[in-house]
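Once you know that position 76 of the sequence shown is 68 in the working numbering, the rest is easy, because the numbers rise by one and skip nothing.
Just so you know, even glycine gets a beta-carbon here, dropped at the ideal spot from N, CA and C.
All values reported here derive from a predicted model rather than from experimental measurement.
Reviewing the structure listed below.
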Amino acid sequence: MKRIVILISGRGSNMEALLNADMGASVAAVISNNPAAAGLATARQRGVAAAIIDHRTFGDRPAFDAALAAEIDRHEPDLVVLAGFMRILTETFVRRYRGRMLNIHPSLLPAFPGLDTHRRALASGARIHGCTVHFVTAALDHGPIVIQAAVPVLPGDTEARLAARVLVEEHRIYPQAVRWYCEGRLTLGADDIVRFDAARTADGVLISPPLGA
Ligand code: GRF
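As structure tokens, then:
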């Protein structure tokens, strides 16, 4: 069975969705950069090893990333899953896990990379919003797209209402993407293009076309 390590910084609802899903993978560990992350307790309650690598105790980004990589590698994961992990990673770190690290971002990338996506989506007048799972590359929130889900922006929406609508989809598509990866149906080509095994469609989900497949 494949092994995954999940990185979190906070609430951990995506982590929980992954723990609840049948992904054909075992969660070897959960690691947080934030000692106060609520998700740590959830992981421990579920019997998953949960570690803290507090970024504030390191002098610089490379030192933190090296310690994080050492903790990850101890668990020999097939896949590293960023689930609400709120640290910018160094290029060295990103390169180390190239093609085996996924992130979820609460917007339809390439729209709204970065923070406050729901507020910015509302302010822009967008009628469609959503979330994206992508492979992690050096460009923040710009990696090759694996799967997206769209939701409508409704009249009278607040940031909280829109975020909640998007979160439901996050919890659906992230386990899906991890399952594909663990089944060997999803790979990142040397050309940075995502390749799917044929017939990788799921009802109601927008999937990037199998370019070059
Ligand atoms: C999610 O919306 C995720 O997409 C974003 O941060 C939020 C984390 O939520 N990067 P949770 O910790 O998974 O509940």
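- request: Leaving aside the five residues before and after alanine 161 along the sequence, list all residues of the same chain whose C-beta is less than 7 Å from its C-beta, in chain order.
  value: Residue mapping note: residue 161 aligns to position 169 of the sequence shown, counting from 1. In the sequence as presented, alanine is not what sits at residue 161; that position holds glutamate. Closer than 7 Å at the Cβ level, and outside the excluded window around glutamate 161, lie Gly122, Cys123, Ala141 and Val143.
task: Taking only the alpha-carbon atoms, compute the straight-line gap between methionine -7 and histidine 134 and give it to the nearest angstrom.
output: Working through the sequence shown from its first residue, we reach residue -7 at position 1. Working through the sequence shown from its first residue, we reach residue 134 at position 142. Each residue's Cα considered, the two are about 30 Å apart.
field: Spatial neighbours of alanine 113 in its chain, beta-carbon cut-off 8 Å, leaving aside the 5 residues before and after
entry: Start at 1 with the first residue of the sequence shown, and residue 113 comes out as number 121. Closer than 8 Å at Cβ, skipping near neighbours: Ser99, Ala103, Phe104, His121, Val145 and Leu154.
task: Counting only the same chain and skipping the five closest in sequence on each side, list residues whose C-beta sits under 8 Å from that of alanine 30.
output: Here residue 30 is taken as the residue at index 38 of the sequence shown, counted from 1. Excluding sequence neighbours, alanine 30 sits near Gly2, Arg3 and Gly4.
field: Coarse secondary structure for histidine 134, derived from DSSP in three states
entry: On the sequence shown, residue 134 is found 142 positions in, with the first residue counted as 1. Note: histidine 134 maps to coil in three-state DSSP.
- request: Output the boundary residues of the alpha helix (DSSP H) element that contains alanine 169.
  value: Within the sequence shown, residue 169 is the residue found at index 177, counting from 1. Here the alpha helix (DSSP H) through alanine 169 covers 151 to 174.
message: Quick check: is any heavy atom of the ligand GRF less than 7 Å from the C-beta of leucine 132?
response: Position 140 of the sequence shown, counted from the start, is the residue given in the question as residue 132. No, since every heavy atom of the ligand GRF falls outside the 7 Å radius drawn around the Cβ of leucine 132.
message: Is it buried or exposed, isoleucine 139, if we count other Cβ atoms within 10 angstroms and call 16 or more buried?
response: Locating residue 139 in the sequence shown gives position 147, counting from the first residue. Classification for isoleucine 139: buried.
query: Would you call valine 186 buried or exposed, if buried means 16 or more other Cβ atoms sit within 10 Å of its Cβ?
result: For the purposes of this step, residue 186 is taken as residue 194 along the sequence shown, with counting starting at 1. Flag for valine 186 reads buried.
- prompt: If we ignore side chains and look at the alpha-carbon of each, how far apart do histidine 47 and arginine 177 end up?
  reply: Taking the sequence shown and counting its residues from 1, one reaches residue 47 at position 55. Taking the sequence shown and counting its residues from 1, one reaches residue 177 at position 185. Histidine 47 and arginine 177: Cα-Cα distance of roughly 34 Å.
- prompt: If you compare alpha carbons, which of Ile(-4), Ala131 and Thr34 is closest to glutamate 63?
  reply: The sequence position of residue 63 within the sequence shown is 71, counting from 1. Per the Cα distances, Ile(-4).
Distance cut-off 7 Å: arginine 3 Cβ against heavy atoms of the ligand GRF: As a working note, residue 3 is residue 11 in the sequence shown. Yes, since a heavy atom of the ligand GRF falls inside the 7 Å radius drawn around the Cβ of arginine 3.
query: Secondary structure at valine 186, three-state DSSP: helix, strand or coil?
result: For the purposes of this step, residue 186 is taken as residue 194 along the sequence shown, with counting starting at 1. In this structure, valine 186 counts as strand in the three-state DSSP scheme.
message: Shorter than 7 Å, the distance from the beta carbon of histidine 97 to the closest heavy atom of the ligand GRF, or not?
response: In the sequence shown, counting from the first residue as 1, residue 97 sits at position 105. Yes, the Cβ of histidine 97 comes within 7 Å of a heavy atom of the ligand GRF.
query: My guess is that leucine 74 and leucine -1 are in contact by the Cβ rule of under 8 Å, so how many angstroms apart are they, rounded?
result: Looking up residue 74 in the sequence shown gives position 82. Looking up residue -1 in the sequence shown gives position 7. So it is a contact: roughly 5 Å between Cβ atoms.
First and last residue of the uninterrupted beta strand (DSSP E) at histidine 97: Position 105 of the sequence shown, counting from 1, holds the residue named residue 97. 93 to 97 is the extent of the beta strand (DSSP E) around histidine 97.
message: On the DSSP bridge list, what partners appear for alanine 141?
response: Your numbering for residue 141 matches position 149 in the sequence shown. DSSP output for alanine 141 lists Cys123 as bridge partner(s).
message: Looking only at its chain, what residues have a beta carbon closer than 6 Å to the beta carbon of isoleucine 210, apart from the 5 residues adjacent to it on each side?
response: Not covered by the structure: residue 210. The range shown for the chain is -7 to 205.
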